[in-house]
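Have a look at the structure below before the remarks.
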Amino acid sequence: MIAGGTGIAPMYQIMKAIAMDPHDTTKVSLVFGNVHEEDILLKKELEALVAMKPSQFKIVYYLDSPDREDWAGGVGYITKDVIKEHLPAATVDNVQILICGPPAMVASVRRSTVDLGFRRSKPLSKMEDQVFVF
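86 is the number that the UniProt record's numbering gives to position 86 of the sequence shown; each next residue is one higher, with no gaps.
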């Protein structure tokens with residue numbers, strides 16, 4: 001999953017549904033980008049999901065402009081290298097990339113996923129697509 005800003009809303013709902021289903025073994029890696037730390041929506045709720053099922057959920061936060069020097073997350077935009085470092089490769093069985101966020105971020109991330117070997121996303125995503133854009 002790759003989310004930017006308010007694009008976290010559908011991602012959180014999906015993650016919550018996975019967490020609440022005792023039979024769902026889906027593993028989720030989320031890269032969540034924002035401008036400033038105070039812009040991170042649902043951080044407490046997201047961290048609660050990680051605490052509840054740490055073997056299923058991994059979250060990496062990225063900020064364009066960290067307000068403090070001891071920021072432990074990533075700095076900058078969500079690039080091809082960030083995706084490669086934090087998300088499964090296109091060749092992994094049953095991998096799907098979900099993207100939601102500002103239009104410029106979505107466009108950039110879509111290009112990066114193609115460069116990384118994922119099947120090109122369609123203008124209207126379907127559930128079976130490898131790259132799904134909200």
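C-beta: ideal position from N, C-alpha, C; glycine also.
Check: C-beta atoms of Val-95 and Pro-88 nearer than 8 Å; Outcome: yes
Check: Reference Val-75; option with closest CA among His-36, Ala-9, Phe-134 and Leu-116; Outcome: His-36
Check: Start-to-end residues for the alpha helix (DSSP H) that takes in Ser-112; Outcome: 103-115
Check: Status (buried if at least 16 other CB within 10 Å, exposed otherwise) for Ala-3; Outcome: buried
Check: Which listed residue (Ser-125, Val-131, Ala-104 and Pro-103) has its alpha carbon closest to that of Asp-115; Outcome: Val-131
Check: For Ile-18, the three-state DSSP class (helix, strand or coil); Outcome: helix
Check: Contacts around Thr-26, its chain only, beta-carbon distance under 6 Å, and the 5 residues preceding and following it disregarded; Outcome: Ile-18
Check: As assigned by DSSP and simplified to three states, the class of Leu-46; Outcome: helix
Check: Assumed close pair Met-20, Val-28 - CB separation to whole angstroms, cut-off 8 Å; Outcome: Met-20 to Val-28, Cβ: 13 Å. No contact.
Check: Whether Val-60 touches Ile-99 by CB criterion (8 Å); Outcome: no
Check: Contact under 8 Å by Cβ, Tyr-62 with Ile-40; Outcome: no
Check: Span separating the alpha-carbon of Leu-49 from that of Phe-57; Outcome: 7 Å
Check: Identified DSSP bridge partners for Arg-63; Outcome: According to the sequence shown, residue 63 is Leu rather than Arg. Asn-34 and Val-75, per the DSSP bridge assignment.
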